[in-house]
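Numbering of the sequence shown is given in the working numbering, commencing with residue 34 and proceeding in unit increments.
Notes follow once the structure below has been shown.
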Amino acid sequence: MKGKAKNLDMTVGDPLKLLTLFTIPALASNLLNQIYTLTDSLIVGRYLGQTSLAAVGVCMPVILMVASMIIGLNIGVGILMSQSFGRHDFGQMRHTLANSVYLGLVLGVIVALIGIPLARPILRLMGTPEGPLNEAVSYIRISFAATVFPIYYFMFSNAFRGIGDGYTALYCLIVSVVGNILLDIVFVVKLGLGVAGSAYATALAQGMSVVFAIIMLYAKYPDMRMGKTDFKPDMPLISKITRLAVPIAIQSGFNNLGNVVVQSCINGFGESIMAAYTVGSRLGAFSLLPMETVGGSLSVYAGQNLGAKKYDRIDKGVKASLVINVVVSAVMAVILLIFGKRLTVAFLPEASDVIIGASYRYLLFAAVPGILYGVMFVYQYVLRGVGHTKESMAGSFIQLGGKLVVALLGAYVLHSLDIVWIAWPVSYIAGTVWPYIHYKKYIAAPEAMERN
Numbered sequence: 034m035k036g037k038a039k040n041l042d043m044t045v046g047d048p049l050k051l052l053t054l055f056t057i058p059a060l061a062s063n064l065l066n067q068i069y070t071l072t073d074s075l076i077v078g079r080y081l082g083q084t085s086l087a088a089v090g091v092c093m094p095v096i097l098m099v100a101s102m103i104i105g106l107n108i109g110v111g112i113l114m115s116q117s118f119g120r121h122d123f124g125q126m127r128h129t130l131a132n133s134v135y136l137g138l139v140l141g142v143i144v145a146l147i148g149i150p151l152a153r154p155i156l157r158l159m160g161t162p163e164g165p166l167n168e169a170v171s172y173i174r175i176s177f178a179a180t181v182f183p184i185y186y187f188m189f190s191n192a193f194r195g196i197g198d199g200y201t202a203l204y205c206l207i208v209s210v211v212g213n214i215l216l217d218i219v220f221v222v223k224l225g226l227g228v229a230g231s232a233y234a235t236a237l238a239q240g241m242s243v244v245f246a247i248i249m250l251y252a253k254y255p256d257m258r259m260g261k262t263d264f265k266p267d268m269p270l271i272s273k274i275t276r277l278a279v280p281i282a283i284q285s286g287f288n289n290l291g292n293v294v295v296q297s298c299i300n301g302f303g304e305s306i307m308a309a310y311t312v313g314s315r316l317g318a319f320s321l322l323p324m325e326t327v328g329g330s331l332s333v334y335a336g337q338n339l340g341a342k343k344y345d346r347i348d349k350g351v352k353a354s355l356v357i358n359v360v361v362s363a364v365m366a367v368i369l370l371i372f373g374k375r376l377t378v379a380f381l382p383e384a385s386d387v388i389i390g391a392s393y394r395y396l397l398f399a400a401v402p403g404i405l406y407g408v409m410f411v412y413q414y415v416l417r418g419v420g421h422t423k424e425s426m427a428g429s430f431i432q433l434g435g436k437l438v439v440a441l442l443g444a445y446v447l448h449s450l451d452i453v454w455i456a457w458p459v460s461y462i463a464g465t466v467w468p469y470i471h472y473k474k475y476i477a478a479p480e481a482m483e484r485n
């Protein structure tokens, strides 16, 4: 590929080294992405208080459900681009990216038109208390209206990753994160716009990142400069993107739908527990992110090697990913065990013992056993990378079912918050079983499975 950037061709070389090198910038990107929610929660919690923090927290599962569908669309695009990169077919890469722009625009309009009027009914259905309700409605409506920005951010991010360039995706995210922090301070602290100011800051920062991503793509990759022919609507290609993306989007969306239901269960325990869960879930997501990122890197690795028909390297990549996950999850577990309570106080300096205790126990149940989470993502994401998205989706449905059964049992039958927290590790185990079984069948006869 022509251009100034150095791309990572993962069809040759040591899988452990390649996955580590590719995961580092991707992990930095994803950790920075988590800083969005951490920054919002820190500023809202410290300057606006417990009720506003609960308002932001109750919105997150809904926003993440929409975001997961957006990411699903763009993972589908990334899979096709990584496979084209493995074949060195750069014209098809341009054509895929250009046509995905149409899908992204349609999805953004649909989310805005449906989400804005349904914001209040959704939050009421979740059992949101009256205290944080109005602020939550304002926050979520702004997020729905600005959906097109994260759609295109993730689209270009996956485009860079699909061609083996994780660092440019990282640079784009740095622009967004720095912009978000600065705008949060301006809108929330200086201008006093409250929770709505935090939502405006995130939307504008993501828009800045999209502009920067387009500039970087054109500056670094002459072969990726799209022309009129690339933007010619290609219905077979759009259909192919959709067939890949829809199962992934449904998988991610339903998984986060489970989080919406779980949030509803938690809302029934009161505003203090809602605030505790907001803090705990932010810290937990931050600590579990490395394991998810390894799975995402494996998906690109598997896609490139599938395109090159090097099936034996796919299994080597799975084993290397498991090694990375064991090491990283052990480190993150130790950090949470030692510093979990102190980190909670950083969000809410005046936090009660109830909030600190509930947040810490969430971390013990949901985040400390991160190795289970990592193994699940290895097997779900390798199936995505080789195009077996339906089987990956089946694993996610099973994961969702396990989480919902346990959470609902804990909230409405046993009335135990600890049982609700146990829903997380149960879901990790449940979501691994079917993808693992199917992957073993695939790797035993990959050429036969590809024909299927």
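Ideal Cβ placement from N, Cα and C applies to all residues, glycine included.
Spatial distance of residue i from residue j (CA atoms)
i           : j           : result
residue 459 : residue 431 : 10 Å
residue 394 : residue 385 : 14 Å
residue 51  : residue 387 : 45 Å
residue 90  : residue 294 : 14 Å
residue 412 : residue 403 : 15 Å
residue 570 : residue 94  : Any property of residue 570 remains undetermined from this structure, which presents the chain solely from 34 to 485.
residue 186 : residue 138 : 12 Å
residue 415 : residue 222 : 44 Å
residue 180 : residue 202 : 19 Å
residue 313 : residue 399 : 9 Å
residue 109 : residue 275 : 8 Å
residue 100 : residue 111 : 16 Å
residue 470 : residue 463 : 12 Å
Simplified DSSP state of residue i, which is helix, strand or coil
i           : result
residue 265 : coil
residue 374 : helix
residue 162 : coil
residue 290 : helix
residue 201 : helix
residue 35  : Unreliable placement is indicated for residue 35, whose pLDDT of 47 sits below 50; no coordinate value is reported for it.
residue 348 : helix
residue 385 : coil
residue 449 : coil
residue 256 : helix
residue 434 : helix
residue 44  : coil
residue 234 : helix
residue 394 : helix
residue 180 : coil
residue 479 : helix
residue 174 : helix
residue 343 : coil
residue 55  : helix
residue 224 : coil
residue 302 : coil
residue 471 : helix
residue 153 : helix
residue 120 : coil
Cβ separation of residue i and residue j, assumed to be a contact under 8 Å, to the nearest whole Å
i           : j           : result
residue 227 : residue 168 : 7 Å
residue 59  : residue 329 : 6 Å
residue 246 : residue 182 : Actually they are not in contact, since the Cβ atoms of residue 246 and residue 182 sit about 11 Å apart, beyond 8 Å.
residue 205 : residue 249 : 7 Å
residue 229 : residue 177 : That belief does not hold up - the Cβ atoms of residue 229 and residue 177 are roughly 13 Å apart, past 8 Å.
residue 233 : residue 175 : 6 Å
residue 468 : residue 435 : About 14 Å; that fails the 8 Å criterion.
residue 380 : residue 67  : Not a contact, Cβ separation roughly 14 Å.
residue 88  : residue 165 : 4 Å
residue 55  : residue 351 : Incorrect: roughly 15 Å between the Cβ atoms, too far for contact.
Burial state of residue i, where buried means 16 or more other Cβ atoms lie within 10 Å
i           : result
residue 424 : buried
residue 371 : exposed
residue 383 : exposed
residue 74  : buried
residue 127 : buried
residue 433 : buried
residue 150 : exposed
residue 445 : exposed
residue 97  : buried
residue 326 : buried
residue 448 : exposed
residue 129 : buried
residue 477 : exposed
residue 364 : exposed
residue 254 : buried
residue 46  : exposed
residue 268 : exposed
Cβ of residue i within 7 Å of any chain B Cβ
i           : result
residue 160 : Absent from the structure: chain B. Only one protein chain is present.
Proximity test, residue i beta-carbon vs the ligand ATP heavy atom, cut-off 6 Å
i           : result
residue 177 : For the ligand ATP, the structure offers nothing, since it holds no ligand at all.
task = Spell out a yes or no on whether the region 296–311 and the region 74–94 are touching, meaning 3 or more CB-CB pairs, one atom from each, closer than 8 Å.
result = yes
inquiry  = Between the region 329–347 and the region 113–123, can you find at least three pairs of beta-carbon atoms closer than 8 Å?
reply    = yes
query = Any contact of the region 402–412 with the region 351–363, i.e. 3+ C-beta pairs under 8 Å?
reply = yes
query = Counting pairs of beta carbons, one from the region 342–356 and one from the region 120–135, are three or more of them closer than 8 Å?
reply = no
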